[in-house]
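**Student:** Would you mind keeping the following structure in view while I ask a few things?
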Amino acid sequence: MERRAVASEQKITERVIEACQQGDREGFRLLFETYQDKVYSISLYYFKGDEAAARDVTQQVFLKLMTKIEQFRRDAEFTTWLYRLVVNACMDEQRKRRRFIPFGDGFEMSGKFVEKSSPEERYARVEIADSVRVAIGELKPKMRLPILLKYVEGLSYDEMAEVLNCSKGTIASRLNRGHKILARRLSHLRGAFVTGEQKDV
Amino acid sequence: MFSHVSRELSAYCHGELAEAESRRVAEHLIGCKLCRREFEEIKLGVKLAEHLPCVSAPASMWSEIESALSQHSHPTVSDEQRNPRRFGFGWRPFAVACALLLLAIGAVWFLLHQSNTSQIAVNDKQAINSNSVTEANQKEKQVPVETVNVSPPVNSNDKPAEIKPAPPASDATWEVARLEGSPKIGANLMEESGRLAVGEWLETDATSRAEINVANIGHVEIEPNSRVRLVETNATEHRLAMTRGGLHATISAPPRLFFVETPSGVAVDLGCSYTLEVDKAGRSILHVTAGWVALELKGRESVVPAGAVCVTQPGKGPGTPYFDDASDKFRDALTKLDFQNGGAKALSIVLAEAREYDTLTLWHLLARVQDAERGRVYDRMAALIPPPQGVTRAGVIKLDKGMLDLWKKGMQWAWFE
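Chains as they are written, first to last, in our numbering: chain A, 47 to 247; chain B, 159 to 575.
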């Protein structure tokens, strides 16, 4: 899949946000290009590979962002505000879909991902990535979200606590649990990691 | 070397600990085999999660968003301004105003109460008895004949009024705050706040809500169209009954201190926060948002952790708990098993659809399925989470309580975050 140029997050300065708050369409476009993949990825993983759901959520998030950006105040990080919109949209969509669509069908995404690493690494990692996606999809939503915010977006514990409206301790505990479950379910992949990479104690 | 550091291990891996804390974890890991084993597990989890790739959004997305946006005359005009919704009037200022108003009323009430207390102290028993008569007569007038269809505890306060010294108000009544509309305590419309005595009913209509302070252990929000009664409140038990409607309880107290009776089961707080709804037929649905709640009726018990749901039906009691993200197929089959004599086919669906943390449901089913089916439930559970040492198939099939408890303990990591 051809990859479009992605604007750097550094470009999202206060001036861009200010321009968006004035209704500047180009500013919105820049915001969209910067965050679209991350928002889409979180939604896709949250909905276990359901592309229609991920598409709906991504659209809802950016529409909301564009119509409500004037409510964004500078006392919070823009990303915190954005990912709170993402989390809320995911949970709303899940609530809507729960009545009509069995939640928990398997992933059907193989081959539809674009790895950000080199082709060689991509080749080596594809099996692990597939297994990880499925295992993350099996996590309970409250464990899945911190994992997605950490590994897709790279938020800090403080930021995740703000996005998910809970304490930093809760984030640490949910990540701990999520990591353990991943390790137990995918223990057969342990050999794929080089022990030399292990953190020194 | 102690205490153990297993809770800090993800934060340690992510560099989220302060320097001193990080050093403590590192030093502890050198000497503690147990934590080191956990650290290896967490590290593997971290490495695996790091393989999660970013996915490209579909190329047509911007044009779809633009076309949706073009329907908006100006993109910076918020939805709420155009379509005021439930809280579109700006609920924060309103909430602050309400809080200030409540504080003012509380202060006035406190001053009046203080002056009444002094008066009572001066006029001693005569005044106390006079108060009691009035309160007791009010109670006689206000408590309706209707009772909850679940055997409530024997309670002398339910009897017609008898003249006795009134206990201190804080012991026998709960403070109620009006949240919206006009809730009623007994036959009386509430002002901004009121007090609910043992035996009295609190009722909300379609447009009203109220919040009850449960002694000093938490609070309960009463949703519209609800009817609840204070059954008992003392140092060892606080008990409400709800015949219809919904409530949201947040309780910080030792387990088994706060109870809510419904026509089809009793919700027993085990340190938690939960939502409980009762429909006209007396069926209820419990949704636990934090901690644990037990649902009980006539010896049948379901223990429901955070994130799980349990339905009760009159005459049958609590169904089997399940996590709220379970598939429709799973839930439908479980309903058949619980309330419609589901049989082998429904059990097969539940077993096939069960995930690791659905062992919560399977653990409850062990004691609820026919003897012949118990082996199937055991086998599926064992495949999802192997039983710990000391738990055998034969023992579980015989419903050995020690083994069931041991296995449950070993599975709780999957049920909780």
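For each residue, glycine too, the CB sits at the ideal point set by N, CA and C.
Are the Cβ atoms of B:Leu354 and B:Leu360 separated by less than 8 Å?
**Tutor:** Closer than 8 Å, so yes.
**Student:** For the region 466-489 of chain B, which residues have a beta carbon sitting closer than 9 Å to at least one beta carbon of chain A?
**Tutor:** The region 466-489 of chain B vs chain A, Cβ under 9 Å: Phe481, Asp482, Asp483, Ala484, Ser485, Asp486, Lys487 and Phe488.
**Student:** So B:Trp220 contacts chain A; which residues on that side make the cut at Cβ distance below 9 Å?
**Tutor:** Chain A residues near B:Trp220: Arg75, Phe78, Glu79, Gln82 and Phe108.
**Student:** Let me know if A:Lys138 comes out buried or exposed under the rule of 16 or more other beta-carbons within 10 Å of its beta-carbon.
**Tutor:** According to the sequence provided, residue 138 of chain A is Asp. The question's Lys does not apply to it. It is exposed - the Cβ of A:Asp138 has fewer than 16 other Cβ atoms within 10 Å.
**Student:** Tell me whether B:Ala226 sits in a helix, a strand or coil according to DSSP, three-state version.
**Tutor:** Looking at B:Ala226 - three-state DSSP - the assignment turns out to be helix.
**Student:** So, helix, strand or coil for A:Asp176, using DSSP?
**Tutor:** Looking at A:Asp176 - three-state DSSP - the assignment turns out to be helix.
**Student:** Would you say A:Gly237 lies against chain B (beta-carbon separation less than 8 Å)?
**Tutor:** No, no contact with chain B.
**Student:** Taking Cβ positions only, does B:Leu492 come closer than 8 Å to chain A?
**Tutor:** Closer than 8 Å: no.
**Student:** Touching or not, the region 194-208 of chain A and the region 176-194 of chain B, by the rule of three or more beta carbon pairs under 8 Å?
**Tutor:** Short answer: they don't touch.
**Student:** Going along chain A, which residues have a C-beta under 8 Å from B:Val204?
**Tutor:** Ordered by position in chain A, the residues that pass the 8 Å Cβ test against B:Val204 are His225.
**Student:** According to DSSP, is A:Thr216 part of a helix, a strand, or is it coil?
**Tutor:** Looking at A:Thr216 - three-state DSSP - the assignment turns out to be helix.
**Student:** Strictly by DSSP, which residues pair up with B:Leu360?
**Tutor:** Paired residues: B:Ile343 and B:Val386.
**Student:** Take B:His172 and list the residues in its own chain whose beta-carbon comes closer than 6 Å to its own, dropping the five residues that flank it on each side.
**Tutor:** Nothing meets the Cβ criterion.
**Student:** B:Val389 and B:Ala407 look like a contact to me (Cβ under 8 Å); what is the Cβ gap, rounded to whole Å?
**Tutor:** Actually they are not in contact, since the Cβ atoms of B:Val389 and B:Ala407 sit about 15 Å apart, beyond 8 Å.
**Student:** Ignore the nearest five residues each way along the sequence and tell me which others in B:Ala572's own chain have a CB closer than 7 Å to its CB.
**Tutor:** Here the set comprises Glu514, Tyr515, Thr517 and Ile543.
**Student:** Exposed or buried, which one is B:Glu511 when buried takes at least 16 other CB atoms within 10 Å?
**Tutor:** By the 10 Å Cβ count, B:Glu511 comes out buried.
**Student:** Going by DSSP, name the residue or residues bridged to B:Ile409.
**Tutor:** Answer is B:Gly376.
**Student:** Any beta-carbon of chain B closer than 8 Å to the one on A:Lys94?
**Tutor:** False, the Cβ-Cβ gap to chain B never drops below 8 Å.
**Student:** Please confirm if A:Asn222 has its CB atom under 8 Å from at least one CB of chain B.
**Tutor:** With 8 Å as the cut-off, A:Asn222 counts as an interface residue toward chain B.
**Student:** Would you check if the distance between the CB atom of B:Thr401 and the CB atom of B:Pro421 is smaller than 8 Å?
**Tutor:** Cβ atoms of B:Thr401 and B:Pro421: closer than 8 Å.
**Student:** How many angstroms separate the CA atom of A:Phe93 from the CA atom of A:Leu191?
**Tutor:** Going by the C-alpha atoms only, they are around 11 Å apart.
**Student:** Among A:Ile88, A:Glu64 and A:Gln82, which has the Cα closest to the Cα of A:Ile115?
**Tutor:** For A:Ile115, the nearest C-alpha among the options comes from A:Glu64.
**Student:** Could you name each continuous alpha helix (DSSP H) segment of 4 residues or more that falls completely within the region 471-526 of chain B, going from the start of the chain to the end?
**Tutor:** Those alpha helix (DSSP H) runs which fall completely within the region 471-526 of chain B and span 4+ residues are 486-497, 501-511 and 517-524.
**Student:** Please tell me whether B:Ala215 and A:Asp83 are closer than 8 Å, where the distance is taken between their beta carbons.
**Tutor:** Their beta carbons are under 8 Å apart, which means B:Ala215 touches A:Asp83 by this criterion.
**Student:** So what does DSSP say about B:Arg165, is it helix, strand or coil?
**Tutor:** Helix.
**Student:** Spell out whether any CB of chain A is found under 8 Å from the CB atom of B:Ile223.
**Tutor:** So yes, B:Ile223 belongs to the interface.
**Student:** Does the beta-carbon of A:His234 have 16 or more other beta-carbons within 10 angstroms, so that it is buried, or is it exposed?
**Tutor:** Answer is exposed; the Cβ neighbour count stays below 16.
**Student:** Distance cutoff 8 Å, beta carbons only. Does A:Arg49 sit that close to anything in chain B?
**Tutor:** At A:Arg49 the pLDDT is 37, less than 50, meaning the model places this residue with poor confidence; the figure from the coordinates comes in the next sentence. Yes, A:Arg49 counts as interfacial toward chain B.
**Student:** Since A:Lys186 meets chain B, which of its residues come closer than 8 Å, beta carbon to beta carbon?
**Tutor:** Simply Gly465, Phe481, Asp483, Tyr515 and Glu575.
**Student:** Taking DSSP as the reference, what is the three-state secondary structure of B:Arg441?
**Tutor:** Coil.
**Student:** For B:Cys212, which residues in chain A fall below 7 Å Cβ to Cβ?
**Tutor:** In chain order: Asp83, Lys84, Ser87, Lys162 and Val198.
**Student:** Grab the span of the beta strand (DSSP E) containing B:Thr433 for me, first residue to last.
**Tutor:** Gly423 to Val436 is the extent of the beta strand (DSSP E) around B:Thr433.
**Student:** Would you mind giving the Cβ-Cβ distance between B:Val467 and B:Ile409, rounded to the nearest angstrom? I have them listed as a contact below 8 Å.
**Tutor:** Contact flag wrong, Cβ pair sits at about 18 Å.
**Student:** Mapping the DSSP letters down to three states, classify A:Thr80 as helix, strand or coil.
**Tutor:** Helix.
**Student:** So which residues of chain B does A:Ile174 contact, with C-beta pairs closer than 8 Å?
**Tutor:** Here the neighbours are Leu206 and His209.
**Student:** Check the Cβ of B:Arg165 against every Cβ in chain A and list those closer than 9 Å, keeping chain order.
**Tutor:** Those are Gly215, Ala218, Ser219 and Asn222, listed as they occur along chain A.
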